[in-house]
Every structure is written in C-alpha cells, then in structure tokens.
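The block underneath contains the structure these notes are about, expressed in structure tokens.
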Amino acid sequence: MEITEQLVIFWFRRDFRMEDNHGLYRALKSGFPVLPLFIFDRDILDHLGSEDQRVPFIHQEIGRLRETCSSAGSPMLVCYGFPEEVFQSLLQQAKIKAIYTNEDYEPYALERDNKIRSLCKENGVELHLFKDHVIFHKDDILKDDGDPYSVFTPYSKKWKDGLSEDSFKHYPSEDHLDALWKPSKSYETDFPSLKDMGFSGAEVDYPSRTVKQSVIKQYGDKRNIPAENGTSRLGIHFRFGTISIREKARKARELSDSFLNELIWRDFYSMVLYQYPHVVNGPFRKKYEDIPWRNNEEEFEKWKNGITGIPMVDAGMRQLNQTGYMHNRVRMIVASFLTKNLLINWQWGEAYFAEKLLDYELASNNGGWQWAAGTGTDAAPYFRVFNPLTQQKKFDKNNEYVSRWIPELNSDDYPEQMVDLKETRKRCLEAYKSVNE
Ligand code: FAD
Numbered sequence: 020m021e022i023t024e025q026l027v028i029f030w031f032r033r034d035f036r037m038e039d040n041h042g043l044y045r046a047l048k049s050g051f052p053v054l055p056l057f058i059f060d061r062d063i064l065d066h067l068g069s070e071d072q073r074v075p076f077i078h079q080e081i082g083r084l085r086e087t088c089s090s091a092g093s094p095m096l097v098c099y100g101f102p103e104e105v106f107q108s109l110l111q112q113a114k115i116k117a118i119y120t121n122e123d124y125e126p127y128a129l130e131r132d133n134k135i136r137s138l139c140k141e142n143g144v145e146l147h148l149f150k151d152h153v154i155f156h157k158d159d160i161l162k163d164d165g166d167p168y169s170v171f172t173p174y175s176k177k178w179k180d181g182l183s184e185d186s187f188k189h190y191p192s193e194d195h196l197d198a199l200w201k202p203s204k205s206y207e208t209d210f211p212s213l214k215d216m217g218f219s220g221a222e223v224d225y226p227s228r229t230v231k232q233s234v235i236k237q238y239g240d241k242r243n244i245p246a247e248n249g250t251s252r253l254g255i256h257f258r259f260g261t262i263s264i265r266e267k268a269r270k271a272r273e274l275s276d277s278f279l280n281e282l283i284w285r286d287f288y289s290m291v292l293y294q295y296p297h298v299v300n301g302p303f304r305k306k307y308e309d310i311p312w313r314n315n316e317e318e319f320e321k322w323k324n325g326i327t328g329i330p331m332v333d334a335g336m337r338q339l340n341q342t343g344y345m346h347n348r349v350r351m352i353v354a355s356f357l358t359k360n361l362l363i364n365w366q367w368g369e370a371y372f373a374e375k376l377l378d379y380e381l382a383s384n385n386g387g388w389q390w391a392a393g394t395g396t397d398a399a400p401y402f403r404v405f406n407p408l409t410q411q412k413k414f415d416k417n418n419e420y421v422s423r424w425i426p427e428l429n430s431d432d433y434p435e436q437m438v439d440l441k442e443t444r445k446r447c448l449e450a451y452k453s454v455n456e
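First residue of the sequence shown: 20, per our numbering; consecutive thereafter.
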C-alpha cells in the first residue's frame, strides 16, 4: 500500500516500551509523523527451536505496543522477514525521510545495521541511532590512556565517577505520542501470529516488570539465597527493554549499592563484547584455548537434565529447564561443575543457557561462563573450584531450594553422585596447570 505523506520510521529492536525510550523520543521530536515498526527477524528466528519461550514474550510485548499505538489512533507496522528486504520494500512504498532506532552492540546487530546503513545511503534516507539499553556504552568508560578496561573493579569506579544527571535522563516519549503518524486513509496492518511464524505459545510464566522496593533495599543481604525471592527477576525486561535501564539505575543509586553494582556488570560485559569481540568464539585469554577438555557427551546430558546426583546442580538445571530462569548463585555453581569437575568446554554450557534462559543476553552469558571457567576478564582464578556441597550448606542450609526442585531428593529414585568431587577437582587443576605453565 502506498503512503503519500513523508514519514520517519522508529524501528523497535530491544526497547519494547513507549515510555522513556530515547530513540523513539528523538523520532517523535523530529517534526515528521512517526511510523513505528517491528520486524520478526528471520535471520534470528530461523535458528530458534519452535518452542523457544522468548518468542511468545516478544509477541506479547509487541501486541501491547501495537495496542498503545492504536489507542493513539496510529498504526504500528509488524513484519516477518529479513530486515534488509523489509526496508527495501518499505522504501518503495513510502516517502521515508529517516529511520530512528536504538543502538545494539551484539555482533549480529552491528552487521545488520551496517547493511541498513548502506541501504539508507543508497536511497538518501538518514539513519539515526541512540544509546538506550545501557548507561555507558562501548567506549564511554575507558582507561586514562584510552584503552578499554578488562578488569571490573577499576571500570566500576570510573563508571560511578562518570555519572551525572544526564546519565539517568528521562526521555518522555510517552508524552509525544500525538506525533505518531495518523493516516488520512485507512491503513490496515497485519500482526503475524506465533503459529504463522512456526512457534508455539507460552508455557512459562514471565516475571513481572515491577519489583518491590523492599527487594531492592534488601538485595545486598538476600541476593545469594536461591530459596528467597531476593533478586529482582528483571533480567528478561532489561534484555528486551520493556523497562528503562536509566530509571532502574537511578532507583538503584538511591536504594542499593549492591544492586547498582550488578547493573554495572551488565554495562561492563556489553563493553567487553564490543571491545573484545573474539570472546564470542573463544576464551578472552587466548592461552586457555588449549585446555584439554574431556567433553563427555553422556555426562553433558546428565548435567542438562539435572540428574548428576549433586543437589545444587540438579536443582539449578531443573529450575532452568522448567522456568527459563536460574538464580545467579546457582548459575555459578552449575557452570563451575560443568567446566571444572566435568572438564566440559564452557562453550557447551554457554550454548545450552542461550537456548533456555529467558533473560539470555550474549554479553552477560558469555561473561558469566568465561568467569566461571576461569578464561575470562575477571575470571575466578582457575584453582578456585566451587564445591557444590559446601555451597549448598552455605546458601541453602535448610535444603529449601534443592527440595523445591528435586521432589525425589530423599528417596532411592535420586541418582548417585556421578563423580567424586575431590578427584575431579584434582583432575581439573592438572588440566588447567598444563596450559598455565
Ligand atoms: P538481579 O540479581 O536482580 O540483578 C538485576 C539485573 O542486573 C539483572 O537482571 C541483570 O540485568 C543484571 N545483572 C545481575 N548480575 C549480573 C552479572 N553477573 N552480569 C551481568 N549482568 C548482571 N545475565 C543475563 O542477563 N543474561 C544471561 O544470559 C546471563 N547468563 C549468565 C550465565 C552465567 C554462567 C552466570 C554465572 C551469570 C549469568 N548472568 C546472565 C548474570 C546473572 O546471573 C543474571 O543477570 C541474574 O541472575 C538475573 O536474575 P535477576 O534478574 O533476578 O537479577
């Protein structure tokens, strides 16, 4: 359908909200009517399983944005296809003055945006990108000599020193929805169903986008106890931008330094991914490329299915498999067990988490796995091997968490511990030592 008015497009990617959305705000203030767009991107979707639980979440949130647009009397375009093709066709149907969007620093996104940039250039269309999903981006926080950081503590100090009121600025996109395009003739838009795109519906409950102030206030004390609701569960919302990082970081600064610290880790890993893109395909520290992994597939299956006979590991993996979530303390324990006790390449674990986690984020997942395996930036030293039984005594002393996820824990149906923890620790130290010498 041809559109005769001159428009700007706002392209949603990982920022599914009408409120405090930097790029959307800029588009709405551009002086041109704004057509919001979302693309169910086949370059991504074609590689996901049909039961992936993030796709129904995205679908639900895009539906919500579409309704907001509709209440404002405006359409939102939702396409299913390859971004370059979608834009090629759009540029033919409408007079597009500019495309507005928010930055995304993942390798695939950078490559995609480069293609769209070239297409825009060929067609005389402006492309405007804005920082929205982090407080400080790829090169905002650098060492005095201009090099990027590779250690968290000095980075976080500089991050805090760099804060100003501007860092938490609210961009009131929600107050300018009258600048959305109002078609003069009726303009019908499709909304592809999950089924049309080959996906089944939601089978898990998605965490709420709101969190009680008391959780944030007590975060420092309760964040390590997996049986408690002591963390925010906001991961999926940060990932898809259904909440504003600026608003949450502003709150965190008022209420909890340790919560703020976790948000800094998020910026840190995003920066690491951008500055050291080799981490996507291998260890941050190259010497660890040669660790003699055992990579036993049967053992990997036991780990995935939560039948290792080690309660903290099994409870964590079952929580992940059933809900798409795992508590951070337990993520560290299962990752240490896989990489160190079983000597299975951390990339196997990373890929499994990427398939299952609702809050999956390439930067933080890669950072978390490399940390646990001892191959990353701030890596736990290789000789620190978590003992999952000691961890249980410390962080789940009444067995509340493990019993919740392993109903047969105290019966004969629960498997024997699959490996001896002391022996496998020793084996791990020898393997790591062989590349450290
Ligand atoms: P909270 O504890 O309430 O923290 C608030 C927010 O801060 C989180 O939602 C997240 O956005 C951020 N955050 C917290 N801890 C970290 C951290 N260590 N690194 C980076 N950001 C952090 N986090 C992801 O968002 N996506 C992942 O794919 C991911 N994979 C991980 C894999 C491993 C092996 C490990 C050890 C950690 C991983 N983390 C990942 C970090 C952390 O476990 C999760 O962010 C956290 O458990 C999510 O729960 P929450 O929302 O209740 O977090």
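Ideal placement from N, C-alpha and C gives every residue a C-beta, glycine not left out.
Start and end of the alpha helix (DSSP H) containing residue i?
i	result
Phe76	Arg73 to Ser90
Thr443	Leu440 to Asn455
His256	Gly254 to Phe259
His41	His41 to Leu47
Phe106	Pro102 to Gln112
Shorter than 6 Å, the distance from the beta carbon of residue i to the closest heavy atom of ligand 1, or not?
i	result
Trp424	no
Asn417	no
Ser275	no
Met351	yes
Gly387	yes
Ser383	yes
Leu292	no
Gly357	Going by the sequence as given, residue 357 is Leu instead of Gly. Checking every heavy atom of ligand 1 against the Cβ of Leu357, none is found closer than 6 Å.
Tyr371	no
Asp151	no
Phe57	no
Phe257	yes
Gly254	yes
Tyr288	yes
Arg285	yes
With 16 as the cutoff for other CB atoms within 10 Å, does residue i come out buried or exposed?
i	result
Arg337	buried
Asp309	exposed
Leu279	buried
Phe31	buried
Phe402	exposed
Thr327	buried
Ser137	exposed
Tyr127	exposed
Ser453	exposed
Asn364	buried
Leu408	exposed
Thr229	exposed
Lys441	exposed
Asn315	exposed
Here's a check: name, in chain order, each residue in its chain whose Cβ is nearer than 8 Å to the Cβ of residue i, leaving out the five neighbours to either side.
i	result
Gln72	Ala221, Glu222, Val223, Gly343 and Leu377
Trp200	Glu24, Leu26, Pro52, Val53, Leu54, Ser93 and Pro94
Asp39	His189, Tyr190, Pro191, Ser192, Glu193, Ser263, Arg265 and Glu266
Leu110	Leu138, Asn142 and Val144
Arg61	Tyr99, Gly100 and Phe101
Gly249	Val234, Gln237, Tyr238, Asp240, Lys241, Arg242 and Asn243
Lys375	Leu339, Asn340 and Gly343
Glu435	Gly328
Please list the terminal residues of the continuous beta strand (DSSP E) segment that includes residue i.
i	result
Trp312	Here Trp312 belongs to no beta strand (DSSP E), and DSSP marks it neither H nor E.
Pro55	Val53 to Asp60
Thr23	Ile22 to Phe31
Phe287	First-last for Phe287: Asp276 to Gln294, but that is the alpha helix (DSSP H), not the beta strand (DSSP E).
Phe149	Glu145 to Phe149
Am I right that residue i and residue j are in contact with their C-beta atoms under 8 Å? What's the rounded C-beta distance?
i	j	result
Gly100	Ile58	7 Å
Gly260	Arg33	5 Å
Pro330	Leu428	6 Å
Ile244	Trp178	About 27 Å; that fails the 8 Å criterion.
Phe210	Ser69	Phe210 to Ser69, Cβ: 19 Å. No contact.
Val438	Asn360	6 Å
Thr396	Val170	7 Å
Can you give me the Cβ contacts of residue i inside the same chain, cut-off strictly under 7 Å, excluding the 5 residues immediately before and after it?
i	result
Ala198	Leu47, Pro52 and Val53
Lys323	Met336 and Tyr371
Leu161	Pro167
Phe155	Trp178, Gly181 and Asp286
His41	Asn121, Phe149, Lys150, Asp151 and Tyr190
Ala113	Ile22 and Leu26
His78	Leu213
Gly301	Glu308
With a CB to CB cut of under 6 Å and the five nearest residues on each side skipped, what residues in its chain are close to residue i?
i	result
Arg4	Shown here, the chain extends from 20 to 456; a query on residue 4 therefore has no answer.
Tyr238	Ser275, Ser277 and Phe278
Met345	Gly335, Gln338 and Leu339
Gly325	Asp333, Met336 and Arg337
Ser186	Ile154
Is residue i near ligand 3, going by C-beta to nearest heavy atom under 6 Å?
i	result
Leu282	In terms of ligand content, the structure shown lacks ligand 3 and carries ligand 1 instead.
Could you check whether the Cβ of residue i sits closer than 7 Å to any Cβ belonging to chain C?
i	result
Ala113	Of the protein chains in the structure, only one exists, and it is not chain C.
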